[in-house]
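In this note's numbering, the protein residues as written are 223 to 398.
See below:
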């Protein structure tokens with residue numbers, strides 16, 4: 223009986239360690255301070271828990287693919303702080319970063335331009351699912367070191383490097 227219990231415990235621990243490595247839990251977060259250029263976004267609005275944005279993101283990516291528009295950099299612009307706002311009321315914009323202005327968009331699709339700005343830029347090669355645990359905490363410490371409040375909104379850019387590799391870039395705007 224002990225052997226079976228020990229075997230199951232080791233098996234579960236092995237899966238946990240494998241999943242942690244696969245998701246990039248042990249990968250470093252690199253944070254720099256830099257100017258970001260103006261960015262153009264085609265997006266859909268999403269209201270609700272942030273972990274449920276995938277359907278909206280896939281709709282924009284499908285539209286981009288159908289119209290031969292490069293969507294190798296998709297994004298989530300998370301407008302509310304989930305520690306403050308009820309999860310069912312969280313607002314976000316999700317879609318593609320595009321290279322120029324689009325005006326002829328399908329229903330519910332929107333376009334916006336984010337002006338250039340000064341940001342803490344965090345790069346992480348792990349899964350965006352663990353970004354809030356690793357990246358947000360570390361970046362908020364940078365703001366607290368400056369005696370500033372971190373912004374409520376954060377832009378996450380999901381940059382597909384190839385079929386199996388993605389880098390997530392997190393933009394936290396530094397306000398004067």
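The beta carbon of each residue, even a glycine, is placed where N, CA and C say it ideally should be.
Buried/exposed call for residue i, threshold 16 Cβ in 10 Å
i, result
"residue 279", "buried"
"residue 332", "exposed"
"residue 337", "exposed"
"residue 286", "buried"
"residue 344", "buried"
"residue 275", "buried"
"residue 366", "exposed"
"residue 386", "exposed"
"residue 377", "buried"
"residue 355", "exposed"
"residue 252", "exposed"
"residue 307", "exposed"
Residue i, DSSP secondary structure in three states
i, result
"residue 347", "coil"
"residue 360", "helix"
"residue 319", "strand"
"residue 281", "helix"
"residue 288", "helix"
"residue 338", "coil"
"residue 226", "helix"
"residue 273", "helix"
"residue 310", "helix"
"residue 365", "helix"
Nonlocal neighbours in the same chain, by C-beta distance under 6 Å from residue i, ignoring five residues either side
i, result
"residue 362", "372"
"residue 324", "264 and 333"
Of the listed residues the options, nearest to residue i (C-alpha basis)
i, options, result
"residue 296", "263, 304, 258 and 272", "263"
"residue 379", "387, 304, 385 and 391", "391"
"residue 265", "335, 253, 305 and 271", "335"
"residue 395", "269, 254, 226 and 310", "254"
"residue 383", "289, 294, 346 and 269", "294"
"residue 374", "310, 300, 291 and 364", "300"
"residue 339", "251, 256, 308 and 282", "256"
"residue 310", "224, 291, 328 and 270", "270"
"residue 305", "272, 330, 277 and 298", "272"
Beta-carbon proximity list for residue i, same chain, < 7 Å, skipping 5 on both sides
i, result
"residue 388", "380, 381 and 382"
"residue 314", "268, 272, 275, 298, 299, 300 and 301"
"residue 303", "374"
Spatial neighbours of residue i in its chain, beta-carbon cut-off 8 Å, leaving aside the 5 residues before and after
i, result
"residue 281", "266"
"residue 353", "346, 378, 390 and 392"
Kindly confirm or deny that the segment 354 to 361 and the segment 309 to 322 touch, where touching means at least three C-beta pairs closer than 8 Å.
-> no
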